[in-house]
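Please read the structure below before turning to the comments.
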């Protein structure tokens, strides 16, 4: 994940945005309703996808968007990254599916996410899985917001 922040996003580690990455265990494994899935190939982490409770925050996102997803039944897909050398093999799709199954099982009804469309392949990937709810590029942001309706829980 840190490689992605530095090499692809160009932002590096920003504590306000990336604190979860420093304490993965507390954030994803010890917090009910949150999880992280990892694809490991020969001892190397090649892909990740996480799920956290809640939608986007305002700021930096528009207030109407934060209010729309503040209903308590929204999960946020986060940290969906695949090393460039392992892309286009279905890893991200499989991990996102696992996240959505988990979200439905614990009682969420919607998965929210945002992506940076300037990252190679990100926007087409999410458009293949999700419905756009807001494109903030016209507002000076390199962010597109999406949601995924979750399957009905089997619980």
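Numbering (the UniProt record's numbering), first residue to last: 1 to 155. No residue lacks a Cβ here, since even glycine has one placed at the ideal position from N, Cα and C. The structure displayed is predicted, hence computed values, not measured ones.
By the C-beta criterion, the stretch 40-57 is judged to be in contact with the stretch 73-89, since at least 3 inter-stretch pairs fall below 8 angstroms. The beta carbon of residue 117 sits closer than 6 angstroms to the beta carbons of 123 and 144 from its chain, once the five residues preceding and following it are set aside; these are given in chain order. Of the candidates 47, 59 and 142, the residue whose Cα lies closest to the Cα of residue 93 is 47. The continuous stretches of beta strand (DSSP E) do not include residue 118, and DSSP gives it neither H nor E. Under a 10 Å Cβ-count criterion, residue 126 is classified as buried, with 16 or more other Cβ atoms of the shown protein chains found around its own Cβ.
Going by DSSP, residue 47 is part of the beta strand (DSSP E) stretching over 44-53. Taking each of 84, 38 and 59 in turn and checking the Cα distance to residue 99, the smallest one comes out for 38.
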